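Below: the structure, in structure tokens.
Residue numbers (UniProt numbering): 1 to 333.
Spelled out as structure tokens, the structure:
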């Protein structure tokens, strides 16, 4: 089968298309014929080795974290899925490989494709959906009536996070580009801040939570508008010691992440705020809950219109690296 892989970590954002055997499956796994795989900024981090302290991969590595496909074969355990079922998934962190014609995946990491999505739009939902779900429920422990602000939330993450937060009964505020205002308000946002005209740190005060998509440069501005006792959850800034402990990482990694994230913990503590970092994991049961929200609210992720196949993998990676996309970038099989 065709697959896109790297031979080693590298600053060069590129992969090789190779021919490798179709994987065999274990008792707890299913074999999925991949229909569409999504390309995320996470792929760039996997290529460069930027997340190897969280997950260090054996080489060569088949890239790709998110896909839709059809079950071709099931293992010996009764997993609740059958041959021919259309599914979607964020693959387990320790065993990725969506950029291939077939993938073997733990059945506990998949769920049935939402009825309102096809293979293309479905490929844009699981990773961001799980990030939003785990962030809001596990990290922020957000409750109905509380307020969450998502700076830079007009992209693919916000497309899933806004309706999920609304389904939980939260007040949702988003900042982003003027072109995404209408779409984001239609998705359920209560307030939209056009970053070209307004400064969110002058408009907002006393929010319960922030989900940061912008990174360390925004940290102090974000902190300034959170009420005491609130939480700041980042997708980008830096992992901290709490993250390492929660992930069950060894003591030496806890020490390193304590150093890396310590300055952010200290700044947050001074304001009476908790700092959290998230690295999304696979979870089929949570995908089941997300599927209900997607279907009930008819959420359809925006997909970049550029057509790519696996042979165009490097052009697709470059498009994501340059950041000028019109939705989730996907490759079709």
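Idealized CB from N, CA, C, for every residue including glycine.
Note that the structure is predicted; figures quoted are calculated from it, not measured.
With distances taken between CA atoms, residue 325 lies nearest to 156 out of 11, 156 and 74. A Cβ-Cβ separation of about 6 Å places residue 6 in contact with residue 15 under the 8 Å criterion.
As the crow flies, the alpha-carbon of residue 73 is around 36 Å from that of residue 162. Looking at 136, 103 and 28, the one whose alpha-carbon comes closest to that of residue 70 is 103. Between residue 160 and residue 128 the beta-carbon gap is near 4 Å, inside 8 Å, which marks them as a contact. Between the stretch 111-118 and the stretch 291-303, the count of C-beta pairs closer than 8 Å reaches three or more; the two stretches touch. Taking residue 218 as reference, the option from 267, 147 and 197 with the minimal CA-CA separation is 267. Comparing alpha-carbon positions, the option among 88, 10, 255 and 61 lying closest to residue 288 turns out to be 88. Rounded to the nearest whole angstrom, the CA to CA distance from residue 2 to residue 51 is 25 Å. Excluding five sequence positions before and after residue 76, the CB atoms of its chain that fall closer than 8 Å to its own CB belong to 27, given in chain order. Collapsing the DSSP output to three states places residue 120 in a helix. Counting only runs of at least 4 residues, the stretch 116-198 fully encloses the following alpha helix (DSSP H) elements, listed from N- to C-terminal order: 119-122, 126-134, 156-167 and 181-186.
Burial is judged here by how many other beta carbons sit within 10 angstroms of a residue's own beta carbon; residue 158 has at least 16 and is buried. The Cβ atoms of residue 123 and residue 62 lie no closer than 7 Å to each other. Of the candidates 30, 291, 4 and 18, the residue whose Cα lies closest to the Cα of residue 43 is 4.
Residue range 219-223 is occupied by the alpha helix (DSSP H) that includes residue 219.
Restricted to the stretch 249-308, the alpha helix (DSSP H) segments that are unbroken, complete and at least 4 residues in length are 251-270 and 284-296, listed in chain order.
The beta carbon of residue 92 sits closer than 8 Å to the beta carbons of 105, 106, 109, 281 and 282 from its chain, once the five residues preceding and following it are set aside; these are given in chain order. The three-state secondary structure of residue 32, taken from DSSP, is strand.
In terms of Cβ geometry, residue 275 and residue 235 do not form a close pair [threshold 7 Å]. Sequence-distant Cβ neighbours of residue 244 in its own chain, meaning closer than 7 Å and more than five residues away, are 253, 254 and 257.
Per DSSP, the continuous beta strand (DSSP E) segment holding residue 89 begins and ends at 86-90.
In the DSSP assignment, residue 320 falls within the unbroken alpha helix (DSSP H) covering 313-322.
DSSP, read as helix, strand or coil, puts residue 239 in coil. Taking residue 310 as the centre and dropping the five residues before and after it, the same chain places the C-beta of 2, 4, 17, 99, 331 and 333 closer than 7 Å to its C-beta, in chain order. Counting along the chain, no beta strand (DSSP E) covers residue 48; the unbroken alpha helix (DSSP H) around it starts and ends at 41-48. By the Cβ neighbour-count rule, residue 83 is exposed, with fewer than 16 other Cβ atoms within 10 Å of its own. For residue 200, no beta strand (DSSP E) segment is defined; the enclosing uninterrupted segment is the alpha helix (DSSP H) at 200-203.
Counting along the chain, residue 5 sits inside the beta strand (DSSP E) bounded by residues 2-6. The Cβ atoms of residue 190 and residue 178 do not sit closer than 7 Å to each other.
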